[in-house]
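These notes are about the structure you will find just below.
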Amino acid sequence: MAKKIHNQLPGSRATLARRITAIVPGFVVLLALGWVCIDLDTEQRVVLFRYLAMAFAGGMAFITPHLLYPDADKTLIQQLNLSPLHLFLHHFSRLRTLAIFAVLALMVLAFGDTAHPTADLAMKFTLFATGLLALCSILFYALYRFVTIGSLSQRWNEGKVGKQVFDSMEKMGKSSPVSLGMYPTFISTILVTTIGMMTVVASAAVNDAIAGMLPFVLLLALAVFRLYLKLPNYDRMYYQSDAFYDELFTNPTTATGESRAPATYNAVYWVPHRWRPAVWSQLVQLDRKRPMGRIIVLFSLTYCFLLYSGVPETWITGWMVFWVLSKNMLAWPTADARMSPPLFHWWMMPPHDWIIARFFLQIRWTLAVFLTVGVAALLSGSIGWTDVWFWTLFDVAVSAVSAYLLTRNNEYTFQNRYI
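Add 66 to a position in the sequence shown, counting from 1, and you land on the number used in my numbering.
Shown next as structure tokens:
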């Protein structure tokens with residue numbers, strides 16, 4: 067029944083650009099992970115799993131509220147008057163694609179041993195089972211923290227919680243840098259990240275592989291039990307939380323520290339005049355959807371962390387492939403007709419000019435790739451200047467290909483259909 071209802075929801079009919087944005091990066095991760103895992107022994111796979119599990123906990127802490135809220139299907143859900151159970155299944159379906167790719171990544175990590183596929187099978191199955199428990203425990207705990215956040219955010223916003231702290235700040239001449247209702251989100255983000263990572267650490271501290279599953283079992287049991295207690299009131303929690311995030315994310319008068327001022331026209335001074343208006347319009351649209359600066363910083367810091375940790379060279383190579391491909395794939399929303407109206411673009415300039423404009427958009431962060439690998443070449447003996455130029459040129463080549471594909475999906479499709 068829930069599946070039939072979900073299939074009727076308009077949000078389930080994703081556009082091509084949205085599907086590519088959701089699916090292609092997942093396949094990129096799988097390919098990079100498969101490349102890294104080819105020559106790893108079982109012990110190295112266990113270590114890599116722990117790194118990935120901790121990264122998954124941090125990722126779920128940040129991405130869960132953005133995947134769940136605000137719900138584009140809320141109007142239809144209100145008309146259907148879904149039961150609390152169906153609302154829970156609807157929420158879980160929003161995380162389905164992420165969960166599927168996480169399970170596929172676990173399969174690649176545990177069984178992607180092409181050199182000795184039948185060696186240490188018992189250990190590999192244990193690793194896969196532990197990974198499933200880690201995935202489910204972190205996912206359900208993140209779901210619990212964010213679906214129950216509406217009423218708490220409302221209490222913070224109304225001053226019923228934390229009022230004394232903020233009154234003290236006002237007496238000192240200071241004010242909160244963000245909306246008061248945002249603090250439960252910050253707290254939940256910290257809790258999901260910290261508890262998820264500490265569960266991985268607790269599992270790693272146990273010498274026995276089977277006993278190492280216990281921390282994940284306990285976290286999963288806690289999350290499922292609390293969700294079960296909240297299930298009768300899930301409809302109330304759904305509408306409260308969605309209303310809060312809908313106001314937070316869509317109300318332009320809501321002042322929060324998460325607000326990002328759009329790039330000014332002068333910020334794209336490095337683009338030739340012919341394509342500068344197009345690049346600027348795409349840049350503003352993309353930055354509304356993607357905090358690209360933060361993402362690039364995260365990619366760069368992760369690269370430095372991997373180098374500092376002394377991981378195998380294949381890990382570094384795999385991360386760089388993932389970095390370059392993901393950086394370019396994250397621009398796929400600009401190929402959506404709702405963000406880039408093809409008729410409007412046709413009036414601005416011909417399709418072949420849009421390829422050039424999007425190429426400039428894509429290479430905006432190529433300098434960050436060059437500087438990150440360049441600094442590594444100066445400070446690390448394992449990275450040379452050949453690597454610097456290779457990854458820079460690789461990023462430029464991928465930027466050119468993705469710019470063509472983006473334009474092919476939007477402007478050229480419009481031209482072939484109507485012109």
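Cβ coordinates follow ideal geometry from the N, Cα and C atoms, glycine included. Predicted model, so just to flag it, every value in this text is computed and none were measured.
Own chain partners of Gly-178 with C-beta closer than 6 angstroms, once the 5 adjacent residues on each side are dropped: Working through the sequence shown from its first residue, we reach residue 178 at position 112. If we look at Gly-178 and ignore the five residues flanking it on each side, its Cβ neighbours are Gly-100, Cys-103.
Under the three-state DSSP convention, the category Ser-325 falls into: Taking the sequence shown and counting its residues from 1, one reaches residue 325 at position 259. Residue confidence for Ser-325 is low, a pLDDT of 48 falling below 50, so the modelled location carries little weight; the figure read from the coordinates is stated next. For Ser-325, the three-state secondary structure derived from DSSP is coil.
Segment limits, alpha helix (DSSP H) that includes Asp-453: Stepping through the sequence shown from its first residue, residue 453 is reached at position 387. First-last of the alpha helix (DSSP H) with Asp-453: 451 to 473.
Residue interval of the alpha helix (DSSP H) (run including Pro-343): For the purposes of this step, residue 343 is identified with residue 277 of the sequence shown, where counting begins at 1. Looking at the DSSP string, the run of the alpha helix (DSSP H) that includes Pro-343 is 342 to 355.
Where Met-126 sits in the DSSP three-state scheme: For this step, residue 126 is matched to residue 60 along the sequence shown. Looking at Met-126 - three-state DSSP - the assignment turns out to be helix.
Nearest candidate by alpha-carbon position, reference Gly-92, set Val-435, Lys-226, Arg-162, His-418: As a working mapping, residue 92 is identified with position 26 in the sequence shown. It is Arg-162.
Separation of Phe-456 from Ser-448, as counted between CA atoms: The residue labelled residue 448 in the question sits at position 382 within the sequence shown. The residue labelled residue 456 in the question sits at position 390 within the sequence shown. The straight-line gap separating the alpha-carbon atoms of Ser-448 and Phe-456 is approximately 15 angstroms.
Contact set for Asn-73: own chain, Cβ-Cβ below 6 angstroms, skip 5 residues either direction: Within the sequence shown, the letter at position 7 stands for residue 73. Residue placement at Asn-73 cannot be trusted, given a pLDDT of 45 that sits under 50; what the coordinates show is reported in the next sentence. Once the five neighbours on either side are set aside, Asn-73 has no close Cβ partner at all.
DSSP-derived helix/strand/coil call for Ile-215: Position 149 of the sequence shown, counted from the first residue, corresponds to residue 215. Helix, per DSSP.
Per-residue DSSP class, three states only, for Ala-165: Along the sequence shown, read from residue 1 onward, the residue named residue 165 stands at position 99. In this structure, Ala-165 counts as helix in the three-state DSSP scheme.
Residue closest to Asn-482, alpha-carbon to alpha-carbon, out of Ile-256, Arg-116, Arg-424, Pro-417: On the sequence shown, position 416 is the one that residue 482 refers to. With distances taken between Cα atoms, Asn-482 lies closest to Pro-417.
Met-405 (DSSP reduced to helix, strand or coil): Taking the first residue of the sequence shown as 1, we reach residue 405 at position 339. Look at Met-405 here: in three-state DSSP terms it is coil, with no helix or strand label.
Unbroken stretches of the alpha helix (DSSP H), 4 residues or longer, contained in the segment 277 to 316: Listed in chain order, the complete alpha helix (DSSP H) runs (minimum 4 residues) inside the segment 277 to 316 are 280 to 296, 300 to 316.
With 16 other Cβ atoms within 10 Å as the buried cut-off, status of Val-213: Along the sequence shown, one-based indexing puts residue 213 at 147. Buried is the label assigned to Val-213, since at least 16 other Cβ atoms lie within 10 Å of its Cβ.
Val-390 and Val-464 closer than 8 angstroms at C-beta: Here residue 390 corresponds to residue number 324 of the sequence shown, with the count starting at 1. Here residue 464 corresponds to residue number 398 of the sequence shown, with the count starting at 1. Contact: yes.
Thr-180, enclosing alpha helix (DSSP H) - first and last residue: Residue mapping note: residue 180 aligns to position 114 of the sequence shown, counting from 1. It is not in any alpha helix (DSSP H) - Thr-180 carries neither H nor E in the DSSP assignment.
For Thr-259 and Gly-124, the rounded distance between their alpha carbons: Taking the sequence shown and counting its residues from 1, the one referred to as residue 124 is at position 58. Taking the sequence shown and counting its residues from 1, the one referred to as residue 259 is at position 193. Looking at the two C-alpha atoms, the distance is approximately 5 angstroms.
Under the three-state DSSP convention, the category Val-95 falls into: Residue numbering aside, residue 95 sits at position 29 when the sequence shown is read from its first letter. Here Val-95 sits in helix by DSSP.
Extent of the continuous alpha helix (DSSP H) to which Met-415 belongs: Taking the sequence shown and counting its residues from 1, the one referred to as residue 415 is at position 349. Met-415 -> no alpha helix (DSSP H), and no H or E assigned at all.
Meets three-Cβ-pair contact criterion under 8 angstroms: the segment 274 to 288 and the segment 192 to 208: Segments in contact, yes.
Reduced DSSP category for Ile-361 - H, G, I as helix; E, B as strand; rest coil: By 1-based counting over the sequence shown, the position of residue 361 is 295. Ile-361: helix per DSSP, three-state reduction.
Residue interval of the alpha helix (DSSP H) (run including Met-386): For the purposes of this step, residue 386 is taken as the residue at position 320 of the sequence shown. Here the alpha helix (DSSP H) through Met-386 covers 379 to 395.
Coarse secondary structure for His-72, derived from DSSP in three states: As a first step, residue 72 must be located in the sequence shown, where it is residue number 6. With a pLDDT of 46 at His-72, under the threshold of 50, the modelled position of that residue is not reliable, and no figure is offered here.
Other residues of its chain near Arg-356: CB distance less than 6 angstroms, five sequence neighbours each side excluded: Numbered from 1 along the sequence shown, position 290 holds the residue referred to as residue 356. So the list reads Leu-396, once near-sequence residues are dropped.
Buried or exposed by the 16-neighbour rule on C-beta atoms within 10 Å, applied to Gly-323: Residue numbering aside, residue 323 sits at position 257 when the sequence shown is read from its first letter. Low per-residue confidence applies at Gly-323: pLDDT is 42, beneath 50, and the placement is therefore not dependable, though the value from the model is reported in the following sentence. Gly-323 is classed as exposed because its beta carbon has fewer than 16 other beta carbons within 10 Å across all chains shown.
Cβ separation of Trp-336 and Ala-423, assumed to be a contact under 8 angstroms, to the nearest whole Å: As a working mapping, residue 336 is identified with position 270 in the sequence shown. As a working mapping, residue 423 is identified with position 357 in the sequence shown. Going by Cβ atoms, the distance from Trp-336 to Ala-423 rounds to 13 angstroms, so no, they are not a contact pair.
Sub-8 angstroms separation of Thr-452 and Val-435 beta-carbons: As a position in the sequence shown, residue 452 is number 386, starting the count at 1. As a position in the sequence shown, residue 435 is number 369, starting the count at 1. By the CB criterion at 8 angstroms, Thr-452 and Val-435 fall outside the cutoff.
Burial state of Phe-147, where buried means 16 or more other Cβ atoms lie within 10 Å: For the purposes of this step, residue 147 is taken as residue 81 along the sequence shown, with counting starting at 1. Contrary to the premise, residue 147 reads as Asn rather than Phe in this sequence. By the neighbour-count rule (16 or more Cβ atoms within 10 Å), Asn-147 is not buried but exposed.
CA-to-CA distance, Met-120 to Ala-466, given in whole angstroms: For the purposes of this step, residue 466 is taken as residue 400 along the sequence shown, with counting starting at 1. For the purposes of this step, residue 120 is taken as residue 54 along the sequence shown, with counting starting at 1. Taking the straight line from one Cα to the other gives about 34 angstroms.
Cβ neighbours of Val-454 in the same chain (closer than 6 angstroms, five flanking residues each side left out): What you label residue 454 is simply residue 388 of the sequence shown in a count that begins at 1. Its chain contains Val-439, Gly-440, Ala-443 as the residues whose beta carbon lies nearer than 6 angstroms to that of Val-454, once the 5 sequence neighbours on both sides are disregarded; these appear in chain order.
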